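**Q** Dropping the structure in here first, questions after.
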Amino acid sequence: MHFPYLDIIIRSVAVYFFMTIALRVFGKKELSQLNTADIILILLISNSVQNAMVGPDTSLIGGLVAALVLFTINFAIKKLTKRFKTLGDLLLDKPEILIYDGVLDFKTLSRLDVSHEELKEAAREHGLEHLTDIKLAMLEIDGTISIISKDQKQLKQTHYKRKHNRKNLQKQF
1 MHFPYLDIII
11 RSVAVYFFMT
21 IALRVFGKKE
31 LSQLNTADII
41 LILLISNSVQ
51 NAMVGPDTSL
61 IGGLVAALVL
71 FTINFAIKKL
81 TKRFKTLGDL
91 LLDKPEILIY
101 DGVLDFKTLS
111 RLDVSHEELK
121 EAAREHGLEH
131 LTDIKLAMLE
141 IDGTISIISK
151 DQKQLKQTHY
161 KRKHNRKNLQ
171 KQF
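So in the UniProt record's numbering, spot 114 of the sequence shown is number 114, and the numbers just go up one at a time.
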């Protein structure tokens with residue numbers, strides 16, 4: 001007995017893993033710094049891989065099966081990466097130290113393609129004038145740069161974290 005949507009399921013799984021690997025290769029920095037060209041690229045990629053997932057089946061059911069497969073894979077991957085550290089290490093990025101005690105890690109900065117100007121911008125966003133004032137700067141898994149100053153009184157949060165914390169405070173009251 002042939003399941004008519006098995007082809008869509010297999011194609012959707014293949015595209016999901018291709019996109020996961022592509023995003024892993026091209027880096028997490030790209031995710032948080034989307035510009036117009038990046039958004040256009042994402043839209044074009046989604047359009048180009050749609051046919052690879054559903055093949056000749058352009059029906060509503062075919063599209064819904066492909067979407068269901070993508071949601072299911074994403075849910076399963078999240079559960080599996082939490083349960084199996086090795087899988088999480090393979091599929092997920094880790095935070096990277098960019099500056100420690102005012103000393104820049106040039107090897108990591110080069111590997112991650114983080115420019116001096118991007119570091120200075122992040123420092124200014126956190127209220128710091130000089131990179132030497134930074135105790136710890138990390139490129140987080142979401143692509144943002146988190147900074148802790150040497151002077152704990154100047155501890156600043158990123159815009160994302162401030163907005164996130166504000167929502168949590170509103171939920172409490």
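For glycine and all other residues, C-beta sits at the position ideal for the given N, C-alpha and C. Since we're looking at a predicted model, the values are computed, not measured.
Which of helix, strand or coil does DSSP assign to tyrosine 5?
**A** In this structure, tyrosine 5 counts as coil in the three-state DSSP scheme.
**Q** Do isoleucine 147 and alanine 122 count as a contact pair if the criterion is CB distance below 7 Å?
**A** Yes; because the gap between Cβ atoms is below 7 Å, this pair is in contact.
**Q** Taking only the alpha-carbon atoms, compute the straight-line gap between glutamine 12 and arginine 24 and give it to the nearest angstrom.
**A** For clarity, residue 12 is serine in the given sequence; the question names glutamine instead. Taking the straight line joining both Cα atoms gives about 18 Å.
**Q** Tell me which residues share the same chain as aspartate 7 and place their Cβ nearer than 7 Å to its Cβ, disregarding the 5 neighbours each side in the sequence.
**A** Within the same chain, aspartate 7 has close Cβ partners Gly55.
**Q** Give me the Cβ distance between valine 69 and isoleucine 9, rounded to the nearest whole Å; I'm assuming they're in contact under 8 Å.
**A** The Cβ separation is near 5 Å, so the contact holds.
**Q** Would you decide whether leucine 155 is buried or exposed? Buried here means 16 or more other CB atoms lie within 10 Å of its CB.
**A** Unreliable placement is indicated for leucine 155, whose pLDDT of 45 sits below 50; no coordinate value is reported for it.
**Q** Buried or exposed, going by whether 16 or more other CB atoms sit within 10 Å of the CB of isoleucine 45?
**A** Classification of isoleucine 45: exposed, given that the 10 Å Cβ count is below 16.
**Q** For the putative contact between isoleucine 97 and aspartate 89, defined by C-beta atoms under 8 Å, what is the C-beta separation to the nearest angstrom?
**A** Not quite, the Cβ-Cβ distance comes to about 17 Å (not below 8 Å), so this is no contact.
**Q** With H, G and I counted as helix, E and B as strand and the rest as coil, what does DSSP make of glutamate 96?
**A** Three-state DSSP puts glutamate 96 in a strand.
**Q** Please work out which residues of its chain come closer than 7 Å, Cβ to Cβ, to threonine 108, disregarding the five sequence neighbours upstream and downstream, and give them in chain order.
**A** Around threonine 108: Glu96, Ile97, Leu98.
**Q** Determine the burial state of histidine 116: buried for a count of at least 16 other Cβ atoms within 10 Å of its Cβ, exposed for fewer.
**A** Histidine 116 comes out exposed.
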